[in-house]
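Written below as structure tokens is the structure these notes are about.
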Ligand SMILES: CC(C)(COP(=O)(O)OP(=O)(O)OC[C@H]1O[C@@H](n2cnc3c(N)ncnc32)[C@H](O)[C@@H]1OP(=O)(O)O)[C@@H](O)C(=O)NCCC(=O)NCCS
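In my numbering, the protein residues as written are 368 to 508.
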């Protein structure tokens, strides 16, 4: 069932290990769980322990409905993963998550923030103020 969400009900907070099952469900529903070794429970625990990482969830009525994850190494800040539960998309949650992680990176001193992006989500990123650059992602998997 789709729920209308107002900003008053939205809580954006740091990831907790108890969020793992809900996050895995969201990633699976959004076809973002192709590499559990990178995005699965053990990886999430490692990210939580990493001082360079920022890993946030959005909670509505006690349920995790979205997540964002990135890293700032002292030079570049990069958002690696963003996902909103399909029944909660289009209600400003993705925007709120991106704004909060950008703010967190700013507080850590990051001069810029980049994101790894899919063609399908590029329009969203442009709406939240990111623009396409010449760089693109390559991988060894
Ligand atoms: C992309 C995603 C994170 C956006 O989250 P969301 O909560 O639905 O986004 P918002 O409600 O904050 O949308 C903000 C604006 O972007 C637009 N938008 C959202 N998704 C979009 C998309 N895929 N393409 C173009 N525009 C999009 C919205 O219509 C809205 O526009 P408006 O301000 O004119 O109303 C979410 O749709 C999602 O999780 N998708 C599946 C996973 C994914 O693609 N993740 C990103 C990979 S890099």
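Each residue gets a CB set at the ideal place from its N, CA and C atoms; glycine is no exception.
No experiment lies behind these values; they were computed from the predicted model shown.
- Annotated three-state conformation of residue 407 is coil, per DSSP.
- Counting only unbroken stretches of 4 or more residues, the alpha helix (DSSP H) elements lying wholly within the stretch 379 to 455 are 387 to 396, 403 to 406, 408 to 416, in sequence order.
- In the DSSP annotation of this structure, the continuous segment of the alpha helix (DSSP H) that includes residue 463 starts and ends at 460 to 475.
- A check of alpha carbon separations from residue 501 across 459, 474, 399, 482 identifies 482 as the nearest.
- The bridge partners DSSP lists for residue 502 come to none.
- Counting along the chain, the unbroken alpha helix (DSSP H) around residue 491 starts and ends at 489 to 494.
- The continuous beta strand (DSSP E) containing residue 480 extends over residues 480 to 482.
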